[in-house]
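Take 301 as the starting number for the sequence shown in the numbering used here and just add one per residue.
Ideal Cβ placement from N, Cα and C applies to all residues, glycine included.
Okay, so here's the structure we're looking at.
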Amino acid sequence: MRIGIIPNNILQDITRQIGTAETKDTHTHDRIVTAIYNNATNIAKAVVKRQSLGTHWDQKIDDVITSRWLGFPIMFLFLGTVLWLTITGANYPSQVLAAGLFWIEERLAELFLAAGVPLWLKGLFVDGMYRALAWVVSVMLPPMAIFFPIFTFFEDLGYLPRIAFNLDRLFHKAGAHGKQALTMAMGFGCNAAGIIATRIIESPRERLIAILTNVFVPCNGRFPTLIVLAGVALGGLATTSYSSLIASAVVAGIVVAGVVITLLTSWLLSKTLLRGIPSLFTLELPPYRKPLIGQILVRSFLDRTVFVLVRAVTIAAPAGLGVWILANTSIAGQSIINILVGWLDPFAALMGLDGFILLAFILGLPANEIVLPILIMGYVSAGSMVELNGLEALKHLLVVEHDWTWLTALCTMLFSLLHFPCGTTLYTIHKEQKSWKWTVLAAVIPFGMACTVCFLVAQGARVFGLV
């Protein structure tokens, strides 16, 4: 048999399996690949002899976790368990870190006053810059230190490709490429990395769909915010022993909502701006691997936890300083931050938010990691200077002092999930597409989706008397 030539009997068998579908049928390529794969399997069984059949555990496990009925419930259970461990385990370390860091803040304040430094300079560096840094570290470090190693463990185990496999069919139905499931999974680490990963999609149209929707999965910078808000606001509002379970389920639901909105937006784009027939691909699942705990700890700590924390600290320091200036600079007897909040309040209220929340997202454009610290700085600078020493103090600040309800927390989390990409991601999109048009749309589309979803949720809750 000449290499590259398919024997007639095999060709006839493949043709019989494919049927008489027209070549324009979008499923024809899928049937061709399936038929070739089935014949290759049959040939291998006929000519390859195994010394010991044994038990094919990979296949048995995949039959369960990639099945039509159990695949998605297992995915949700996996995500919920990881988030529950994170939320439950982050409370005490956060309180300890906050106590230590804010003790240092008090000593710094005493040092500045003893040195006769002007109050405005002490406010800039201690109340503004240092306090923002302290909040970034105490609030974000414990959740990241727990979440990222667990997530990396399952990544090394080989479970994440199975998630992509489960989602492949849905992306195809949404008019997008199946490989978008893989690029979306990359976005869980960093949306900018997810954008670069879209290079594996050959079709320019389908690659653009993947780029414009990658922001709808929470990245490293947004996961800590979602986890913290769920724990202190939604979980804290439920005064039961199941508060951490409720918070975990809410965050898992938020992530699932992001996947649903990714599919919906992909479908809308494929029917409007980016019309076309989706192409197909064959995804071969890698074997399960034994995770190397040492490598997991190093990778999750250095590549994710430290990377995100350093980035947050680097940007949060000047951001905290800027927010302090806005809160302490007055025009006609009113601080600039209160003026901006006043402008934003009516629009934000329609979406279940307030002006401080919306302003925090706007000022947090450089990096998602600083949205929560900016919000805290805005609340504290504009209100009473309370002693913030952990997640319980944050709960008091949000729920008691600023009247957060479950609806405020939910809409803030939804807005965090769906809003415009960070500056790094937008820069990456421009570098990849070489187009200001698609870069602007990459910010406008998610911002419009965030406003729409939050508006519908907030108005629906009010119409039905749930708040």
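CB of residue i within 7 Å of CB of residue j, strictly
| i | j | result |
| --- | --- | --- |
| P746 | L718 | yes |
| T725 | A492 | yes |
| H477 | I501 | yes |
| L574 | L482 | no |
| L621 | M484 | no |
| A434 | Q480 | no |
| C754 | L697 | no |
| I387 | S600 | no |
| D358 | P586 | no |
| F720 | A743 | yes |
| P591 | F453 | yes |
Alpha carbon of residue i to alpha carbon of residue j, nearest angstrom
| i | j | result |
| --- | --- | --- |
| L704 | S735 | The question names Leu, but residue 704 is Trp in the sequence shown. Whole-angstrom Cα-Cα distance: 40 Å. |
| T341 | R589 | 23 Å |
| V550 | N338 | 42 Å |
| Q407 | L401 | The question names Gln, yet the displayed sequence has Arg at residue 407. Each residue's alpha carbon lies about 10 Å from the other. |
| F488 | C519 | 5 Å |
| A660 | M444 | 21 Å |
| I527 | I446 | 11 Å |
| K422 | Y392 | 30 Å |
| G553 | T614 | 31 Å |
| G380 | S548 | 6 Å |
| A617 | I625 | 13 Å |
| G458 | L424 | 48 Å |
| R368 | D362 | 11 Å |
| V767 | F607 | 39 Å |
| L609 | M486 | 19 Å |
| S684 | E701 | Per-residue confidence for S684 stands at a pLDDT of 36, beneath the threshold of 50, marking its modelled position as unreliable; no derived number is given. |
| T323 | I332 | At T323, the pLDDT of 46 sits below 50, so the modelled position is not reliable and the matter cannot be decided from this model. |
| R302 | L568 | Unreliable placement is indicated for R302, whose pLDDT of 41 sits below 50; no coordinate value is reported for it. |
| N466 | F376 | 12 Å |
| I636 | W643 | 11 Å |
| V436 | A390 | 14 Å |
| I631 | I561 | 42 Å |
| C490 | G521 | 8 Å |
| K731 | E455 | 28 Å |
| G594 | F372 | 30 Å |
| L672 | A619 | 11 Å |
| W403 | V364 | 52 Å |
Integer-rounded CB distance, given that residue j should sit under 8 Å from residue i
| i | j | result |
| --- | --- | --- |
| T366 | R469 | Contact doesn't hold; Cβ gap of about 11 Å is too wide. |
| L441 | L397 | 7 Å |
| G663 | A648 | In the sequence on display, residue 663 carries Leu and not Gly. That pair is no contact at about 14 Å. |
| V623 | G576 | So it is not a contact: roughly 45 Å between Cβ atoms. |
| T498 | S566 | Not quite, the Cβ-Cβ distance comes to about 12 Å (not below 8 Å), so this is no contact. |
| G558 | V517 | 5 Å |
Residue of the options minimising C-alpha distance to residue i
| i | options | result |
| --- | --- | --- |
| L529 | I637, E692, V437, M484 | E692 |
| L665 | A617, Q634, C722 | C722 |
| M651 | R599, R522, I361, M749 | M749 |
| T284 | H696, L675, G633 | Nothing can be reported for residue 284, as the shown portion of the chain is limited to 301 through 767. |
| L640 | I374, A399, G655, A648 | G655 |
| F523 | A667, I593, A648 | A667 |
| S438 | S566, A743, L694 | L694 |
| P449 | L377, L385, E405 | L385 |
| T712 | Q634, F607, A533 | A533 |
| L564 | T498, V556, G521, A474 | A474 |
| V757 | V700, L707, L467, F465 | L707 |
| T728 | G494, V763, E506 | G494 |
| T572 | I596, L672, E506 | E506 |
| A627 | A761, Q595, W420 | W420 |
| L771 | F451, H356, A409 | Residue 771 falls outside the range modelled here, since the chain spans only 301 to 767, and no answer is possible. |
| S394 | G760, G531, L602 | G531 |
With 16 other Cβ atoms within 10 Å as the buried cut-off, status of residue i
| i | result |
| --- | --- |
| K833 | Coverage of the chain is limited to positions 301 through 767, which leaves residue 833 absent and any answer about it impossible. |
| D427 | buried |
| T752 | exposed |
| P418 | exposed |
| E669 | buried |
| A432 | buried |
| S716 | buried |
| H472 | buried |
| Q733 | buried |
| L741 | buried |
| L460 | buried |
| P646 | exposed |
| V555 | buried |
| A346 | exposed |
| V686 | For V686, the predicted structure reports a pLDDT of 42, less than 50, and the residue's modelled location is therefore unreliable. The matter cannot be settled from this model. |
| T629 | exposed |
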